[in-house]
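Numbering (this note's numbering), first residue to last: 35 to 270.
Here is the structure:
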């Protein structure tokens with residue numbers, strides 16, 4: 035007599051905790067891409083908040099591997115505009131693709147990179163104008179209640195969010211966006227990113243060095259992205 039085997043397909047969810055994680059606590063990489071005053075500004079904030087950091091010139095930062103950066107730092111703060119024709123945008127893309135969290139803060143990031151993959155795909159943004167964020171911003175989402183006046187920056191870009199993974203964290207006076215936070219968890223990359231469309235040095239110290247903007251940035255970028263994978267297998 036033949037035996038009939040009953041097969042069942044069991045689907046389980048596996049939460050991976052090891053993706054985009056970092057081994058060191060409260061230590062950040064600051065990249066100076068021709069924006070030393072903005073580096074000084076965020077360093078002062080991090081110091082006031084009790085965090086540590088390492089500062090590298092862009093030319094030396096791009097020699098680090100994504101694994102080295104993810105292992106040694108909670109997140110990377112890129113101060114300045116990753117040059118379109120240089121190695122900087124590919125390095126930033128490689129870092130995010132490998133699960134590294136990144137902030138870019140610069141008033142010309144959109145102006146120069148508006149047609150580039152780093153801007154349209156990884157930061158899910160569409161450039162609008164060269165000074166649409168000039169004035170007082172309105173904080174949204176985890177920046178709600180924080181409304182910095184960035185009038186000291188004469189040409190802060192404004193943009194719109196085009197992807198499904200970005201949220202507005204600062205509204206621009208133009209009615210467009212001045213800052214966004216992105217959490218992408220596709221198959222090939224899991225990362226968090228923040229894009230601020232002004233030079234960080236022009237963030238008023240009253241909302242930068244106290245328990246405000248920098249604190250929220252550090253908190254958001256230090257949290258690991260936890261993707262949920264649906265896997266299946268067959269048991270007899």
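Yeah, the Cβ is synthetic: ideal placement off N, Cα and C, and Gly gets one too.
Please read all numbers here as calculations on a predicted model, not as lab measurements.
If we ignore side chains and look at the alpha-carbon of each, how far apart do residue i and residue j end up?
i           : j           : result
residue 208 : residue 167 : 6 Å
residue 226 : residue 176 : 14 Å
residue 174 : residue 205 : 7 Å
residue 136 : residue 89  : 14 Å
residue 129 : residue 109 : 10 Å
residue 122 : residue 95  : 9 Å
residue 256 : residue 60  : 8 Å
residue 197 : residue 142 : 20 Å
residue 132 : residue 164 : 31 Å
residue 57  : residue 250 : Because residue 57 carries a pLDDT of 37, less than 50, the predicted location of this residue cannot be relied on, and no value is offered for it.
residue 188 : residue 233 : 10 Å
residue 115 : residue 140 : 6 Å
May I ask you to report which of helix, strand or coil DSSP gives residue i?
i           : result
residue 255 : helix
residue 244 : coil
residue 82  : helix
residue 67  : strand
residue 228 : strand
If contacts are defined as beta-carbon pairs under 8 Å, then residue i and residue j qualify, I think. What distance do you get, rounded to the angstrom?
i           : j           : result
residue 162 : residue 210 : 5 Å
residue 149 : residue 231 : The Cβ separation is near 16 Å, so there is no contact.
residue 184 : residue 236 : 5 Å
residue 158 : residue 195 : 6 Å
Could you tell me the boundaries of the alpha helix (DSSP H) in which residue i lies?
i           : result
residue 125 : 122-131
residue 143 : 143-147
By the DSSP assignment, the beta strand (DSSP E) with residue i in it spans what residues?
i           : result
residue 214 : 211-218
residue 139 : 136-139
Any heavy atom of the ligand ADP inside 7 Å of the beta-carbon of residue i?
i           : result
residue 204 : Here there are no bound small molecules, and the ligand ADP is not part of this structure.
Next item on the list: Could you say if the stretch 233-250 and the stretch 78-92 meet the contact criterion of at least three C-beta pairs nearer than 8 Å?
Entry: Touching, yes.
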